[in-house]
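Reading through the structure tokens given below for one structure.
Numbering (the working numbering), first residue to last: 7 to 529.
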């Protein structure tokens, strides 16, 4: 969430350098790669749109790719994310050969299972496409089936990339965060370099090249640190049994025990009900999804990547007090940093949407509808970020079943609210989505209190101060700056919030000033 938090958790890792330097370097690198992945993702979509437009070919490709990515996210990727880092942390004091045995067994099983899954998915694709896009005509359907012959092999390549990334994370190496960047630029490069070639071949080659390159690069790193060397070990056998135990509930839940799977299912539910709200509703919701995910990706995803290896190691060592302190810092800093972001997104939603999408055929009515959806999603920025990070805490403690329970609660609340509440506007649908994640984060807070005690919650006085601070700043901004004046409301809120933060939180101010002064001395 911030450099102080990164320094706290990274002090538990052995990076071969002082923890302060490791914290700043790792946090900065992950943040830059997160920004690069977002920007390159937008460029990828722009190149795809400019090359193939919005016709039959693009529809067929996006439909097949959605199926392949969905199967990967709720299957192998979810299992690996929940199990690899916690299990490998239990082997941190054992030989590289023991860790190598777990690595090689995992690689073999992943390759075999995902290859069989790819073959099965290709055979079932006619049925899947008829269920997913029943409106496809015969030409679009045939194009999708032709595309499927190559695109399904995204499954084993992407699964290998995820596996290598997580094993490297467990070793304190975070270079796997560059994988989305590699995939996006490889996709763009193939499309630009293969102009005039068969479009179906261009698309599936572009899709596979990125994950293939990323898997090759990360696999070489695993080779360099000795993970391809296997040695018999009782500890490795115990670790493999633990991995199978963790994988069970994740597989049976079809990925719902992971934050990515939970988000995917909830978004599909909202899109389904959005399709009943009239033409353009689904597009407005999808654009708003993409916008509110930016602050979550830049903060929570980076923190979650770093926190899982640190807490897994602490849990293996039995240092529960240290885990409690880290969880408390996550909660406190998460509220302090993400709550104002959510308020700014709410205040300046029309301006944000207009700046990013208000061109060409995206007319003022589209801007207004997307902005209303974005305002409805604003609260979920805080609570989705909490779920993303604290699911990693649950994985570190081998409590994937708790994550599954929370996910079931979130999906049940969302489905019930959508069915009973009958929200018909984009804003209502987005608010319902946000409310379900508020309930989910509440369930997580209850578990954390029961497991760690009251020490995991930021001090009551600080929570009260944060709430009062947010309310005062919001009221001051609404009174002082007219909401029909673009930007002034958000800027006014931010200025008042920063000034109040510096006054009301002297300990945090001192920590930030100390960090800045150390950075200046280092220069």
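Ideal Cβ placement from N, Cα and C applies to all residues, glycine included.
- A residue is called buried once 16 or more other Cβ atoms fall within 10 Å of its Cβ, and residue 339 is buried on that count.
- Between residue 192 and residue 94, the beta carbon gap of about 28 Å keeps them out of contact (Cβ cut-off 8 Å).
- Counted as a single uninterrupted DSSP element, the alpha helix (DSSP H) harbouring residue 417 occupies residues 406 to 427.
- A contact between stretches requires three or more CB pairs, one per stretch, nearer than 8 Å, and the segment 78 to 95 meets this requirement with the segment 402 to 419.
- In the structure shown, residue 40 adopts helical secondary structure according to DSSP, grouped into three states.
- Residue ranges of uninterrupted alpha helix (DSSP H) with 4 or more members are absent from the segment 97 to 133; none lies entirely inside it.
- With respect to residue 414, residue 180 sits apart: the two C-beta atoms are not nearer than 8 Å.
- Around residue 273, the same chain offers 295 as residues with beta carbons nearer than 7 Å, after the five sequence neighbours per side are excluded.
- Inside the segment 206 to 251, DSSP marks no whole beta strand (DSSP E) run of 3 or more residues.
- Assigned with DSSP and collapsed to three states, residue 175 falls in helix.
- Sorting 155, 346 and 328 by C-alpha distance to the C-alpha of residue 501 places 346 at the top.
- The count of Cβ pairs closer than 8 Å, one atom from the segment 156 to 168 and one from the segment 119 to 128, reaches three, so the stretches are in contact.
- With a cutoff of 8 Å on beta-carbon distance, residue 113 and residue 169 are scored as near each other.
- Exclusion of the five residues before and after residue 66 leaves 146, 149, 150 and 153 as the residues of its chain whose Cβ lies within less than 7 Å of its Cβ.
- Contact between residue 380 and residue 348 does not hold, since the beta-carbon distance rounds to 11 Å and is not under 8 Å.
- In this structure, residue 219 keeps its C-beta atom at 8 Å or more from the C-beta atom of residue 252.
- Two segments are said to touch when three or more pairs of C-beta atoms, one from each, lie closer than 8 Å; by this definition the segment 435 to 445 touches the segment 375 to 395.
- DSSP places residue 198 inside the alpha helix (DSSP H), whose first and last residues are 185 to 199.
- When rounded, the separation of the alpha-carbon atoms in residue 430 and residue 424 is 9 Å.
- Within its own chain, the residues whose Cβ lies closer than 7 Å to the Cβ of residue 420, once the five positions on either side in sequence are excluded, are 272, 275, 438, 439 and 442, listed in chain order.
- Restricted to the segment 299 to 364, the alpha helix (DSSP H) segments that are unbroken, complete and at least 4 residues in length are 308 to 323, 326 to 353 and 355 to 363, listed in chain order.
- One Cα belongs to residue 131, the other to residue 334, and the distance between them is close to 46 Å.
- Residue 234 and residue 106 have their C-alpha atoms spaced approximately 6 Å apart.
- In this structure, residue 245 keeps its C-beta atom at 8 Å or more from the C-beta atom of residue 98.
- Burial of residue 164 is indicated by the presence of at least 16 other C-beta atoms within 10 angstroms of its C-beta.
- Its chain contains 43, 46, 47, 49, 50 and 216 as the residues whose beta carbon lies nearer than 8 Å to that of residue 190, once the 5 sequence neighbours on both sides are disregarded; these appear in chain order.
- In the displayed model, residue 385 falls within coil according to three-state DSSP, outside both helix and strand.
- If the five residues before and after residue 262 are omitted, its C-beta is found closer than 8 Å to the C-beta atoms of 80, 268, 271, 410, 413, 414 and 417, all from its own chain and listed in chain order.
- Non-local beta-carbon contacts of residue 84 in its own chain, meaning distances under 6 Å to residues more than five positions away in sequence, involve 256, 261, 264 and 267 in chain order.
- Here the alpha carbon of residue 457 sits roughly 13 Å from the alpha carbon of residue 328.
- Taken atom to atom, the span from the alpha-carbon of residue 116 to that of residue 52 is near 33 Å.
- One Cα belongs to residue 505, the other to residue 351, and the distance between them is close to 19 Å.
- Burial state of residue 136 is exposed, judged by a 10 Å Cβ sphere holding fewer than 16 other Cβ atoms.
- DSSP, read as helix, strand or coil, puts residue 143 in coil.
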